[in-house]
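J.:
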Amino acid sequence: MVLALRLAVEASPFGDINSMIATLIGIPMHHVGGTLPGMIISVILIGILWTLGLHGDAIVLVFIQPVWLSNMSENLTAFQNGQPIPHIITQQFYDLWIAPGGTGALLGLVIFMLLRSRSQQMKQLGKIAAPGALFNISEPMVFGIPLVMNPYFFLPFILTPVLLVIVSYTAMATGLVAPPAGIALPFTTPIFISGYLATGGHISGTVLQVVNLAISLVVYYPFFRAWDRLKAKEEHASAQPQASAAIADADRA
541 MVLALRLAVE ASPFGDINSM IATLIGIPMH HVGGTLPGMI ISVILIGILW TLGLHGDAIV
601 LVFIQPVWLS NMSENLTAFQ NGQPIPHIIT QQFYDLWIAP GGTGALLGLV IFMLLRSRSQ
661 QMKQLGKIAA PGALFNISEP MVFGIPLVMN PYFFLPFILT PVLLVIVSYT AMATGLVAPP
721 AGIALPFTTP IFISGYLATG GHISGTVLQV VNLAISLVVY YPFFRAWDRL KAKEEHASAQ
781 PQASAAIADA DRA
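As numbered in the numbering used here, the sequence shown has no gaps in its residue numbers, which increase by one up to the final residue, 793.
(1) Got a sec? Which residues, its chain only, sit under 8 Å from phenylalanine 732 by beta carbon, not counting five neighbours each side?
(2) Output needed for serine 559: all residues of its chain with C-beta closer than 8 Å, excluding positions within five of it in sequence on either side, in chain order.
(3) When burial is assigned at 16 or more other CB atoms within 10 Å of the CB, is glycine 622 buried or exposed?
(4) Do the segment 572-582 and the segment 619-634 meet, that is, are 3 or more Cβ pairs less than 8 Å apart?
(5) List the endpoints of the continuous alpha helix (DSSP H) containing phenylalanine 603.
(6) Tell me, to the nearest whole angstrom, how far the beta carbon of glycine 672 is from that of glycine 587; I am working on the premise that it is less than 8 Å.
(7) Does the segment 681-694 come close enough to the segment 713-726 that 3 or more CB-CB pairs lie under 8 Å?
(8) Rounded to whole angstroms, how far is the Cβ of valine 600 from the Cβ of leucine 589, which I believe are closer than 8 Å?
(9) So, is proline 696 buried or exposed, given that buried needs 16 or more other C-beta atoms within 10 angstroms?
(10) Classify threonine 728 as buried or exposed, calling it buried when 16 or more other Cβ atoms lie within 10 Å of its own Cβ.
(11) Do you know offhand how far glycine 620's Cα is from proline 691's?
(12) State yes or no: is the C-beta of methionine 681 within less than 8 Å of the C-beta of leucine 649?
(13) Measure the alpha-carbon distance for serine 778 versus leucine 646 and round it to whole angstroms.
(14) Using a threshold of 8 Å, state whether the C-beta atoms of alanine 738 and leucine 674 are closer than that.
(15) Pick helix, strand or coil for glycine 642, following the three-state DSSP scheme.
(16) Tell me the rounded alpha-carbon separation between methionine 653 and leucine 665.
(17) Please state whether the Cβ-Cβ distance between serine 659 and alanine 772 is less than 8 Å.
(18) Going by alpha carbons, who is nearest to glutamine 605 out of Ile743, Gln631, Ser613 and Leu594?
(19) Is proline 701 closer than 8 Å to isoleucine 755 when the C-beta atoms are compared?
(20) Using 8 Å for Cβ pairs, my map puts isoleucine 584 next to isoleucine 706. What's the rounded Cβ distance?
(21) Output the distance between the C-alpha atoms of leucine 770 and tyrosine 761, rounded to the nearest integer angstrom.
(22) Unbroken alpha helix (DSSP H) runs of length 4 or more, entirely within the segment 675-707: which are they?
(23) Work out the CA separation of phenylalanine 554 and methionine 712 for me, nearest whole Å.
(24) Report the residue from Ala598, Ser708, Leu757 and Glu774 whose alpha carbon sits nearest the alpha carbon of isoleucine 651.
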């Protein structure tokens, strides 16, 4: 199948897969990168690619990141000159408000795994993933659960960032929350601190992060419960033969 796909692409006007991606995704995303629809499309594409086992951020952001960085630079100039911030959608908007816990806004899921898991596997994975999630690193979750090719988490992994984009953009566009001031914070800056710093010292940035974390918790909860029940049943089923074998060994002894 892979060979057939390669031959089909090479026979097409694109010539190779890189040119095809650049034409079909890159050019359109560059034109809409700083808009709300463009942001929604970006997070959907990123989520879909990750669930297929591809690094969605690396693939999508190579086309759209120049727009975000340009917007960030213009915001910083306006902030330094005491002028209104011209752009909402920047690199910081995505990193700090749309991806708490990393791509897919997984911090809410990590919290449930730590506090509500019946499955020992899920609880242990939560302990392993929690330090990274605090610094917005999601790979331990993406590949540890795994979220790749996992139908249980396909919907929340994509839906949660879309909701956060809509809520965050609306809050900033209406003036309820200060927009990102163009301050270049690393994406690993912990939640709550980053919202305050990225807005130039406005507590509203932190409040929005609290709201976004709550949304992440609400969306992920039913899917977490279903997956946790499945893993707990698997653990119970595997423990039964082991317990029976241990009893049999004790009887023989």
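Think of the CB as a built atom: it goes at the ideal place given N, C-alpha and C, for glycine as much as any other residue.
T.: According to the structure shown:
(1) Sequence index remark: in the sequence shown, residue 732 carries index 192 (1-based). The answer, listed in chain order, is Thr746, Gln749 and Val750.
(2) In the sequence shown, counting from the first residue as 1, residue 559 sits at position 19. The answer is none, since no qualifying residue turns up.
(3) On the sequence shown, residue 622 is found 82 positions in, with the first residue counted as 1. With fewer than 16 other Cβ atoms within 10 Å, it is exposed.
(4) yes
(5) Residue numbering aside, residue 603 sits at position 63 when the sequence shown is read from its first letter. From DSSP, the alpha helix (DSSP H) with phenylalanine 603 extends over 596-620.
(6) For the purposes of this step, residue 672 is identified with residue 132 of the sequence shown, where counting begins at 1. For the purposes of this step, residue 587 is identified with residue 47 of the sequence shown, where counting begins at 1. With a Cβ gap of about 19 Å, glycine 672 and glycine 587 do not count as contacting.
(7) Cβ pair count under 8 Å is below three, so no.
(8) Here residue 600 corresponds to residue number 60 of the sequence shown, with the count starting at 1. Here residue 589 corresponds to residue number 49 of the sequence shown, with the count starting at 1. Rounded, the Cβ-Cβ distance is 7 Å, consistent with contact.
(9) In the sequence shown, the residue the question calls residue 696 occupies position 156. It counts as buried.
(10) As a first step, residue 728 is located in the sequence shown; it is residue number 188 there, counting from the start. Looking at its Cβ environment, which holds fewer than 16 other Cβ atoms inside 10 Å, threonine 728 is exposed.
(11) Residue mapping note: residue 620 aligns to position 80 of the sequence shown, counting from 1. Residue mapping note: residue 691 aligns to position 151 of the sequence shown, counting from 1. A small fix is needed here, since residue 620 is glutamine in this sequence, not glycine. When rounded, the distance between both Cα atoms is 47 Å.
(12) Stepping through the sequence shown from its first residue, residue 681 is reached at position 141. Stepping through the sequence shown from its first residue, residue 649 is reached at position 109. Cβ distance < 8 Å, so methionine 681 and leucine 649 count as in contact.
(13) The residue labelled residue 778 in the question sits at position 238 within the sequence shown. The residue labelled residue 646 in the question sits at position 106 within the sequence shown. Their Cα atoms are separated by approximately 29 Å.
(14) As a working mapping, residue 738 is identified with position 198 in the sequence shown. As a working mapping, residue 674 is identified with position 134 in the sequence shown. Not in contact: alanine 738 and leucine 674 (Cβ atoms no closer than 8 Å).
(15) Looking up residue 642 in the sequence shown gives position 102. DSSP places glycine 642 in coil when its eight states are reduced to three.
(16) Here the question's residue 653 lines up with position 113 in the sequence shown. Here the question's residue 665 lines up with position 125 in the sequence shown. If I take the Cα positions, the gap works out to 8 Å.
(17) Residue 659 sits at position 119 when you count from the first residue of the sequence shown. Residue 772 sits at position 232 when you count from the first residue of the sequence shown. Alanine 772 is positioned such that its CB atom lies closer than 8 Å to that of serine 659.
(18) Residue numbering aside, residue 605 sits at position 65 when the sequence shown is read from its first letter. Residue Gln631 is the option with its Cα nearest to glutamine 605.
(19) Stepping through the sequence shown from its first residue, residue 755 is reached at position 215. Stepping through the sequence shown from its first residue, residue 701 is reached at position 161. No; because the gap between Cβ atoms is not below 8 Å, this pair is not in contact.
(20) Residue numbering aside, residue 584 sits at position 44 when the sequence shown is read from its first letter. Residue numbering aside, residue 706 sits at position 166 when the sequence shown is read from its first letter. That pair is no contact at about 12 Å.
(21) Position 230 of the sequence shown, counted from the start, is the residue given in the question as residue 770. Position 221 of the sequence shown, counted from the start, is the residue given in the question as residue 761. Separation of leucine 770 and tyrosine 761 (C-alpha to C-alpha, rounded to the nearest whole angstrom) is 14 Å.
(22) Correct list: 679-684.
(23) Position 172 of the sequence shown, counted from the start, is the residue given in the question as residue 712. Position 14 of the sequence shown, counted from the start, is the residue given in the question as residue 554. Roughly 40 Å between the two C-alpha positions.
(24) Along the sequence shown, read from residue 1 onward, the residue named residue 651 stands at position 111. Cα-wise, what sits closest to isoleucine 651 is Leu757.
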